[in-house]
Every structure is written in structure tokens, then in C-alpha cells.
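**Student:** Quick one: this structure, given as C-alpha cells, is what I'll be asking you about.
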Amino acid sequence: MPIVSISEAAELTGKTRRTIQRHVASGKLSRSVASNGRVGVDISELIRVYGQLMSCDNDTAMSQHVISNVIHKSDLNDKKDNERLLKLEHELSIVKVELEAEKRRVQDKQETIDSLKTALKLLEYRQDKSVTIEPPKEDTASEPQKNGSSVDNSSNTGLLGRLKKLFS
Numbered sequence: 001m002p003i004v005s006i007s008e009a010a011e012l013t014g015k016t017r018r019t020i021q022r023h024v025a026s027g028k029l030s031r032s033v034a035s036n037g038r039v040g041v042d043i044s045e046l047i048r049v050y051g052q053l054m055s056c057d058n059d060t061a062m063s064q065h066v067i068s069n070v071i072h073k074s075d076l077n078d079k080k081d082n083e084r085l086l087k088l089e090h091e092l093s094i095v096k097v098e099l100e101a102e103k104r105r106v107q108d109k110q111e112t113i114d115s116l117k118t119a120l121k122l123l124e125y126r127q128d129k130s131v132t133i134e135p136p137k138e139d140t141a142s143e144p145q146k147n148g149s150s151v152d153n154s155s156n157t158g159l160l161g162r163l164k165k166l167f168s
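Here the UniProt record's numbering is used: the first residue of the sequence shown is 1, the next is one more, and so on.
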């Protein structure tokens with residue numbers, strides 16, 4: 001049910017504002033907060049505590065007028081809330097589209113990084129193969145070492161030889 005102000009509650013019940021305020025302070029009536037942040041008393045609370053609202057004909061017409069005004073205000077607030085909800089849903093859909101685009105962009109960049117890593121590994125493999133396949137020099141391989149070993153330490157086919165080539 002709609003929430004009415006203390007003054008409107010006093011008009012609906014036929015009580016004074018001060019009585020309504022005392023009943024709210026003592027806990028006999030519960031305070032409510034409307035969706036727009038306005039503090040008041042729910043009409044159902046007034047009916048629970050005071051029974052039927054404004055029983056005489058003149059008061060009934062006036063209370064019906066007050067109730068219709070409150071309901072109209074409540075409907076306006078509902079329309080504003082619905083408009084705000086639609087606006088927020090629209091913003092949410094835009095953010096979701098932007099998020100998906102960003103995810104695709106990140107995925108494309110990751111695929112590019114992966115393909116570049118693969119190309120780099122392939123180039124390193126080819127370079128290693130070309131360095132190790134070089135034919136050994138005939139004059140250094142045929143001469144025996146002083147200690148009797150036939151392995152040449154100055155050969156460019158080993159790891160040290162490749163490192164020497166890179167840094168010289």
C-alpha cells in the first residue's frame with residue numbers, strides 16, 4: 001500500500017499529527033520509507049492500528065481524495081522508477097557489449113602473441129640447425145691435439161663455438 005506523510009495520516013485517521021507522532025515514537029505505528037526516500041506511515045499500518053479510516057461521509061470523501069492523491073503520487077514514483085530501471089538496463093546492455101568486444105580484443109592479442117612465439121621458436125630451431133650443420137674445417141680436424149685427443153676445442157660445432165660466433 002502507499003506510504004503517506006504524518007499530516008496525511010492524521011487527516012486519514014482523524015487524529016492529530018502529535019498523536020500520530022507519539023504512536024510512531026512509542027512503536028504502536030511503524031514508520032516506512034518510500035522508494036523516493038520519503039519517510040511516512042503505510043496506509044495498511046493506519047488501518048491495522050486505527051481500523052477503518054474516516055467513517056463519516058464528508059470525511060470519507062476527503063479521505064478518498066487523499067488516498068487517490070497518494071496513489072497518484074505513488075504511480076508517478078513507480079513510473080519514474082520504471083524509467084530509471086529501463087535506463088539502467090540499457091546501460092547494462094551497452095557495458096556487456098563493450099565487455100565482449102574487450103574480451104575479443106584480448107583474445108586476438110593473445111593469439112598474436114602465441115603465433116609470434118611459435119615463429120620465434122621456428123627461427124631459433126632453423127638457426128641452430130644451420131649452425132650445427134656447417135662442415136668442419138679440414139685442416140683443424142685432421143691435426144691431432146697435443147694430449148692425443150682428436151677433438152678440436154676451437155671447433156665451431158659445439159655450444160662454445162656457437163657462442164663464440166654470436167659474440168665475435
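C-beta atoms are modelled at their ideal positions from N, C-alpha and C, and glycine is treated no differently. All figures in this text were calculated on a predicted structure; none of them were measured in a lab.
If I'm right that I3 touches A34 with Cβ under 8 angstroms, what's the distance once you round it to whole angstroms?
**Tutor:** For the purposes of this step, residue 3 is identified with residue 3 of the sequence shown, where counting begins at 1. For the purposes of this step, residue 34 is identified with residue 34 of the sequence shown, where counting begins at 1. Indeed, because the Cβ distance is near 5 angstroms, the residues count as touching under 8 angstroms.
**Student:** Can you tell me the Cα-Cα spacing of R126 and R104, whole angstroms?
**Tutor:** Taking the sequence shown and counting its residues from 1, one reaches residue 126 at position 126. Taking the sequence shown and counting its residues from 1, one reaches residue 104 at position 104. Their Cα atoms are separated by approximately 33 angstroms.
**Student:** Flag this pair as yes or no: are the beta carbons of V39 and R31 separated by less than 8 angstroms?
**Tutor:** Position 39 of the sequence shown, counted from the start, is the residue given in the question as residue 39. Position 31 of the sequence shown, counted from the start, is the residue given in the question as residue 31. Cβ atoms of V39 and R31: closer than 8 angstroms.
**Student:** Taking the continuous alpha helix (DSSP H) assigned at G40, which residues delimit it?
**Tutor:** Counting from one through the sequence shown, the residue named residue 40 turns up at place 40. Not the alpha helix (DSSP H): G40 falls in the beta strand (DSSP E), residues 39-42.
**Student:** Measure the alpha-carbon distance for E102 versus S115 and round it to whole angstroms.
**Tutor:** For this step, residue 102 is matched to residue 102 along the sequence shown. For this step, residue 115 is matched to residue 115 along the sequence shown. E102 and S115 have their C-alpha atoms some 20 angstroms from each other.
**Student:** Just the Cα atoms here: how many angstroms apart are D78 and Q110?
**Tutor:** Along the sequence shown, read from residue 1 onward, the residue named residue 78 stands at position 78. Along the sequence shown, read from residue 1 onward, the residue named residue 110 stands at position 110. In a straight line, the C-alpha of D78 is about 47 angstroms away from that of Q110.
**Student:** In this structure, what does DSSP give as the bridge partners for I67?
**Tutor:** Translated into positions along the sequence shown, residue 67 becomes position 67. I67 pairs with nothing; no bridge assigned.
**Student:** Can you give the Cα-Cα distance for K165 and L123, rounded to whole angstroms?
**Tutor:** For the purposes of this step, residue 165 is taken as residue 165 along the sequence shown, with counting starting at 1. For the purposes of this step, residue 123 is taken as residue 123 along the sequence shown, with counting starting at 1. Approximately 17 angstroms, taken between the alpha carbons.
**Student:** Excluding the 5 residues preceding and the 5 following H72 in the sequence, name in chain order all residues of the same chain whose CB lies nearer than 7 angstroms to its CB.
**Tutor:** Taking the sequence shown and counting its residues from 1, one reaches residue 72 at position 72. Nothing meets the Cβ criterion.
**Student:** Does the beta-carbon of I43 have 16 or more other beta-carbons within 10 angstroms, so that it is buried, or is it exposed?
**Tutor:** As a position in the sequence shown, residue 43 is number 43, starting the count at 1. Answer is buried; the Cβ neighbour count reaches 16.
**Student:** In terms of residue numbering, what span does the beta strand (DSSP E) encompassing S32 cover?
**Tutor:** Indexing the sequence shown from 1 puts residue 32 at position 32. S32 -> beta strand (DSSP E) spans 31-33.
**Student:** Note down, in chain order, each residue of its chain lying with its Cβ closer than 8 angstroms to the Cβ of T19, except the 5 sequence neighbours on either side.
**Tutor:** Walking along the sequence shown from the start, residue 19 turns up at place 19. Counting only Cβ-Cβ distances below 8 angstroms, and skipping sequence neighbours, we find A10.
**Student:** With DSSP as the reference, please indicate the residues paired to I47 in a beta bridge.
**Tutor:** One-based indexing of the sequence shown puts residue 47 at position 47. Note: I47 sits in no beta bridge, so no partner.
**Student:** When the Cα of V24 is compared with those of T157, I67, V41, which residue comes out closest?
**Tutor:** Along the sequence shown, one-based indexing puts residue 24 at 24. Cα-wise, what sits closest to V24 is V41.
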